[in-house]
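Structure first, commentary second.
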Amino acid sequence: MSFTILGTGSAEPSLCKTNDDLAKVMDTSDEWIRSRTGIEKRRLCGEETVTDLACEAAEHAMEDAGVTARDLDLILCATVTGDYITPSMACLVQERLGASCPAFDVNAACAGFLYALDVADGYFARDRVKRVLVIGAEAISKIADWEDRSTAVIFADGAGAVVLGEGGDLLAARLTTRGNHGALYAENVKGNCPFRSNGTKAENVSETSDSDGREIKKARENYLYMDGQEVFRFAVASMIRDLKQIMKEAGLSCGDVTYVMPHQANRRIIDFAASKLDIADEKFLVNIDQRGNTSAAAIPILLDETRRKGMLKKGDVLLFTSFGAGLTTAACAVRWGRE
Ligand code: UT7
């Protein structure tokens, strides 16, 4: 027993910013962003919070699945940008929806939504739940360093959600972690404890090199730092490896795959991975041109958009693959069980 996807939903923030809009506030250009990332525009939060987006996506998914908040046995939120350090975003969503089930967050960065699906699978396997709400929601614009043009231009905000029910549609799942805190990170607040020597001033990182021996660059206090090229190399290698592995574990040939829904981090990463696999290029779905990189929200948003376009039919085989800070990777094969 694993699960089946009963419904999907997503939510878009109110601001839509083109590459030309970004070029007005930093030294960049539409040509650079399009050619290096494939992004044309992205959605960013205005007055709304990431919790608002998570709740809206959840409501759409519950409506699609025909379930109410009272039917939920567990709420999982994948996020690194919740509005509070505590309580978790999942608790805020539970309160807002009027649900009464346990709720907690999963932090595996951009791979968080797939990690959360794997956590949910365990609850189904132990027969503890019948309906689980899994949300990926991020407002990376809150932690992006808008003075670092190589990072700020790729990230965006949004939320996607699924409602899971009992079923046998998770065909295989694979999670990996290669601990490395220097390639992609944002530090938490340091606080003002008077008994610490750096109690009022954040000491961004104490180490000077990461587990691979590379120099760790210091982020500006509490902002996101990314070594783009290192993450790029890691992403390409892991996406190819994980997709091959997941197909092997699920006993799938390339021809069995209906769509690959990869993390929307950079169009060039997706194109390169596609070129190294025997899966037809057009099966790799992309919306990064319109949405940017929404981290843990990227895959559930893409899934919801694909479903709402009427592109999914019962029995379709979907491969999800993601990677992110950690460094984490995750992939899974899911059969689409709805008409
Ligand atoms: O979802 C989380 C995981 N994240 C990722 O998967 C991101 C992976 N990495 C990437 O997507 C790419 O590394 C980036 C899009 C972030 C950067 O692209 P890149 O091709 O690796 O560029 P770069 O950082 O090596 O910079 C190349 C040049 C530099 O100029 P010089 O030194 O060659 O003169 C940069 O200063 O491009 C310059 N540059 C820019 N120019 C205009 C960097 N960012 C920009 C920019 N606009 N926004």
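When we follow the working numbering, the leftmost residue of the sequence shown carries the number 673, and every step to the right adds one. No residue lacks a Cβ here, since even glycine has one placed at the ideal position from N, Cα and C. Given the structure is predicted, the values throughout are model-derived calculations rather than measurements.
| Item | Value |
| --- | --- |
| Among Ser760, Leu746, Gly738, Asp736, which one has its Cα closest to the Cα of valine 722? | Ser760 |
| From the DSSP output, read off the bridge partner residues of threonine 690. | Lys713 |
| Which residues in the same chain as alanine 683 place their Cβ atom closer than 6 Å to its Cβ, once the five residues preceding and following it in sequence are excluded? | Leu725, Glu728, Ala729, Ala831 |
| Measuring only from the beta carbon, is glycine 998 closer than 6 Å to any heavy atom that is part of ligand 1? | no |
| Going by the C-beta, is glutamine 936 closer than 6 Å to any heavy atom of ligand 1? | no |
| Do the CB positions of alanine 762 and phenylalanine 785 come within less than 7 Å of each other? | no |
| Would you mind working out which of Ala811, Gly738, Gly681 sits nearest leucine 687, comparing C-alpha positions? | Ala811 |
| Any heavy atom of ligand 1 inside 6 Å of the beta-carbon of valine 825? | yes |
| As a quick exercise: from Arg768, Arg868, Ala997, pick the residue whose alpha carbon is nearest that of phenylalanine 904. | Ala997 |
| Tell me the rounded alpha-carbon separation between alanine 783 and histidine 935. | 8 Å |
| According to DSSP, is phenylalanine 867 part of a helix, a strand, or is it coil? | coil |
| Specify the secondary structure class of methionine 734 as computed by DSSP and reduced to three states. | helix |
| Given 6 Å as the limit, tell me if valine 958 has its C-beta closer than that to any heavy atom belonging to ligand 1. | no |
| Hey, would you say alanine 741 sits closer than 7 Å to leucine 843, going by beta carbons? | no |
| Our contact map puts valine 1023 next to lysine 955 with C-beta atoms below 8 Å; I'd like the distance itself, whole angstroms only. | The chain is shown from 673 up to 1011; residue 1023 falls before or after that span and cannot be answered. |
| Quick one: any contact between the region 785–805 and the region 698–706, if contact means 3 or more CB pairs under 8 Å? | no |
| Please state whether the Cβ-Cβ distance between lysine 986 and glutamate 1011 is less than 7 Å. | yes |
| Is glutamate 875 buried or exposed, if buried means 16 or more other CB atoms sit within 10 Å of its CB? | In this prediction, glutamate 875 scores a pLDDT of 46, lower than 50, which makes its location untrustworthy; the coordinate-derived value is nonetheless stated afterwards. With fewer than 16 Cβ atoms within 10 Å of its Cβ, glutamate 875 is classed as exposed. |
| State the Cα-Cα distance for the pair glycine 710 and threonine 758, rounded to the nearest angstrom. | 35 Å |
| Kindly list the residues whose CB is nearer than 6 Å to the CB of phenylalanine 906, restricted to its own chain and excluding five residues on each side of it in sequence; keep chain order. | Leu999 |
| Nearest-angstrom Cα distance between leucine 805 and alanine 833? | 7 Å |
| Assign proline 934 to one of three DSSP states: helix, strand, or coil. | strand |
| Which residues share a DSSP beta bridge with glutamate 810? | Gly830 |
| Name the one or two DSSP bridge partners that leucine 805 has. | Ile747, Val835 |
| List the DSSP bridge partners of phenylalanine 906. | DSSP output for phenylalanine 906 lists no bridge partner at all. |
| Just verifying my parser: in three-state terms, what is the DSSP assignment at lysine 986? | coil |
| From leucine 789 to aspartate 820, what does the alpha carbon distance come to, in whole angstroms? | 33 Å |
| Closest to glutamate 921 by C-alpha separation, out of Pro685, Ala845, Val697, would be which residue? | Ala845 |
| Go ahead and label tyrosine 897 buried or exposed: buried means 16 or more other beta carbons lie within 10 angstroms of its beta carbon, across all protein chains shown. | buried |
| How is glycine 770 classed by DSSP in three states: helix, strand or coil? | coil |
| Taking a contact to mean a Cβ-Cβ separation below 7 Å, would you say arginine 714 touches lysine 689 in this structure? | yes |
| Compute the distance between the beta-carbons of tyrosine 895 and aspartate 829, then report whether it is under 7 Å. | no |
| Quick check: the Cα distance between lysine 948 and isoleucine 912, rounded to an integer number of angstroms? | 7 Å |
| So alanine 788 is in the beta strand (DSSP E); what residue range does that whole segment cover? | It is not in any beta strand (DSSP E) - alanine 788 instead sits in the alpha helix (DSSP H) that spans 784–797. |
| Quick test of your reading: isoleucine 677 and glycine 1009, contact by CB under 8 Å. State the CB separation rounded to the nearest angstrom. | 7 Å |
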